[in-house]
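What follows is one structure encoded as structure tokens, with my remarks underneath.
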Amino acid sequence: MDAMTAPADISTLSYEQARDELVRVVSALEQGSSTLEESLALWERGEELASRCEEWLIGAKARLDAARARQLDSASPSTGPGTE
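For the sequence shown, the UniProt record's numbering begins at 1 and goes up steadily by one.
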């Protein structure tokens with residue numbers, strides 16, 4: 001994260017953008033060259049980014065589950081009157 005660039009609003013980031021920034025945050029933390037205050041800010045940003053990634057993944061899973069349910073519904077025989 002460049003000190004001259006304001007961080008993007010996390011709620012507007014795509015999964016890939018949030019993931020890529022999270023990778024950069026983790027890398028910066030692993031280097032250990034930041035001050036305590038900078039490290040805390042990075043950690044907080046990383047937590048927010050991880051939550052954003054999780055939101056995207058949960059949403060993707062819900063979409064897949066819905067698509068699978070529609071596929072099963074269209075493949076299953078009718079259960080109307082006369083099929084009992």
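C-beta: ideal position from N, C-alpha, C; glycine also. These numbers come from a predicted model, not from an experiment.
Residue i versus residue j - alpha carbon distance
i, j, result
"G59", "L13", "14 Å"
"K61", "S51", "15 Å"
"S39", "V23", "15 Å"
"E47", "D20", "14 Å"
"A67", "L42", "37 Å"
"G32", "A18", "22 Å"
Residue range of the alpha helix (DSSP H) that includes residue i
i, result
"D9", "Premise fails: D9 is in no alpha helix (DSSP H) and is neither H nor E."
"S33", "No alpha helix (DSSP H) holds S33; DSSP gives it neither H nor E."
Neighbour-count burial assignment, residue i, 16 or more Cβ in a 10 Å radius
i, result
"L49", "buried"
"R70", "exposed"
### Query
Going along the chain, which unbroken runs of the alpha helix (DSSP H) with 4 or more residues stay wholly within the segment 50 to 82?
none
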